[in-house]
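One structure is given below, encoded as structure tokens.
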Amino acid sequence: AILPGQDETDFTPYQPQKLILLVHGGPTSRDEYAFNTQVIWLTNRNYAVMQCNYRGSTGYGKRHVNAGNAEWAGKMQQDLLDAADWAVNKGIADPQQIAIMGGSYGGYATLVGLTFTPDKFSCGVDIVGPSNLITLLETIPPYWAGFKKRFTAMIGANIDTEAGRQFLRSRSPLFFASQVKRPILILQGGNDPRVNKNESDQFVKALQGNRIPVTYIVYPNEGHGFQRPENTLSYTGFTERFLADCLKGRYEPYRVGMYNSSAIVVADDAI
């Protein structure tokens with residue numbers, strides 16, 4: 001965890017902080033104790049930032065990676081919840097001011113956090129995260145064909161069997177959208193080849209069908225993440241404004257249309 005205003009003698013803050021649980025994507029990736037632009041940005045906005053190399057992450061050997069197999073929304077998610085609880089128990093985080101945020105798998109974990117444990121987090125930011133594991137597997141891009149068997153094993157079930165589809169439904173936030181209680185911001189690239197735009201579209205539609213507020217921003221000229229500088233500035237503007245509404249952290253005033261980004265505001269209930 002990176003902390004603003006901490007006691008350097010024991011690395012705990014003087015009082016519990018507003019915390020962002022920042023979940024890395026992959027999930028076969030890892031967070032490192034090194035310079036990270038997202039972490040620096042969020043701490044500058046007066047949030048503590050927690051990163052967790054949950055089961056399925058790389059860097060700790062094959063056993064740790066394989067421990068994530070079939071544990072999407074299961075033990076992998078429990079690792080994140082345990083990390084947040086640790087921060088609370090150590091006096092680092094205020095339990096009433098914890099947000100969850102991430103991209104790709106981290107976006108999925110955000111959706112899981114807000115649907116499966118709706119009282120845990122104050123709000124969430126989902127960036128290009130899948131909402132339905134069935135449609136995610138059905139839309140695997142051609143260049144992932146050689147990886148599909150391994151990816152299916154990671155998720156834990158085959159879409160070609162009824163039992164497999166039932167398992168995937170049980171781990172898909174889309175089918176639990178009605179349980180969302182807290183504000184949510186969803187950001188999506190219109191040309192995403194890995195997590196199709198429909199993954200966000202269908203989740204937003206489910207929320208709206210249950211009259212649950214959501215803010216949904218689409219960048220038509222982006223893919224799996226944001227690469228264009230004007231869109232990166234826009235995404236950070238929307239995000240810090242949303243987090244400020246939720247957790248009362250610092251933010252730079254932002255309005256739609258700044259930076260000449262391609263952002264399309266599809267829904268704006270939460271900002």
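If you read the sequence shown in UniProt numbering, its first letter stands for residue 1, the second for the next number, and so on. Even for Gly, the Cβ is constructed at its ideal location relative to N, Cα and C.
Cβ pair glycine 59, alanine 67 closer than 8 angstroms: No.
Return helix, strand or coil for threonine 215, following the three-state DSSP convention. Note: threonine 215 maps to strand in three-state DSSP.
Rounded C-alpha distance that separates threonine 115 from arginine 228: About 31 angstroms.
Are the Cβ atoms of leucine 133 and tryptophan 72 separated by less than 8 angstroms? Yes; because the gap between Cβ atoms is below 8 angstroms, this pair is in contact.
Between the CA atoms of leucine 174 and valine 214 - distance to the nearest angstrom: Counting only the Cα atoms, leucine 174 lies some 14 angstroms from valine 214.
Please classify isoleucine 186: is it buried, with 16 or more other beta-carbons within 10 angstroms of its beta-carbon, or exposed? So isoleucine 186 ends up on the buried side.
Own chain residues within Cβ distance below 6 angstroms of glutamate 199, not counting five before or after: If we look at glutamate 199 and ignore the five residues flanking it on each side, its Cβ neighbours are Pro130 and Ser131.
Among Thr28, Asn221, Glu32 and Gly91, whose alpha-carbon lies nearest the alpha-carbon of glutamine 17? Checking every option, the nearest Cα to that of glutamine 17 belongs to Gly91.
Helix, strand or coil for threonine 161 per DSSP? Residue state, collapsed to three classes: coil.
Does DSSP put isoleucine 186 in a helix, a strand or coil? The DSSP-derived three-state label of isoleucine 186 is strand.
For phenylalanine 238, collect the residues of the same chain with a Cβ closer than 8 angstroms to its Cβ; drop the 5 residues on either side in sequence, then sort them by chain order. The residues Leu185, Leu187, Thr215, Ile217, Tyr254, Ala263 and Ile271, in chain order, have a CB closer than 8 angstroms to that of phenylalanine 238 in the same chain once the five nearest residues on each side in sequence are set aside.
Enclosing alpha helix (DSSP H) for proline 229 [first to last residue]: 229-247 is the extent of the alpha helix (DSSP H) around proline 229.
For a quick check, are the C-beta atoms of valine 195 and leucine 136 less than 8 angstroms apart? Using a Cβ distance threshold of 8 angstroms, valine 195 and leucine 136 count as a contacting pair.
Measuring only the C-alpha atoms, how far is aspartate 268 from asparagine 36? Here the alpha carbon of aspartate 268 sits roughly 29 angstroms from the alpha carbon of asparagine 36.
What's the C-alpha gap between tyrosine 219 and arginine 30? If you take the alpha carbons of tyrosine 219 and arginine 30, they lie about 26 angstroms apart.
For the structure I just gave you, are there three or more beta carbon pairs, one from the segment 138-152 and one from the segment 97-113, closer than 8 angstroms? Here the segment 138-152 makes no contact with the segment 97-113; the two share fewer than three CB pairs at distances below 8 angstroms.
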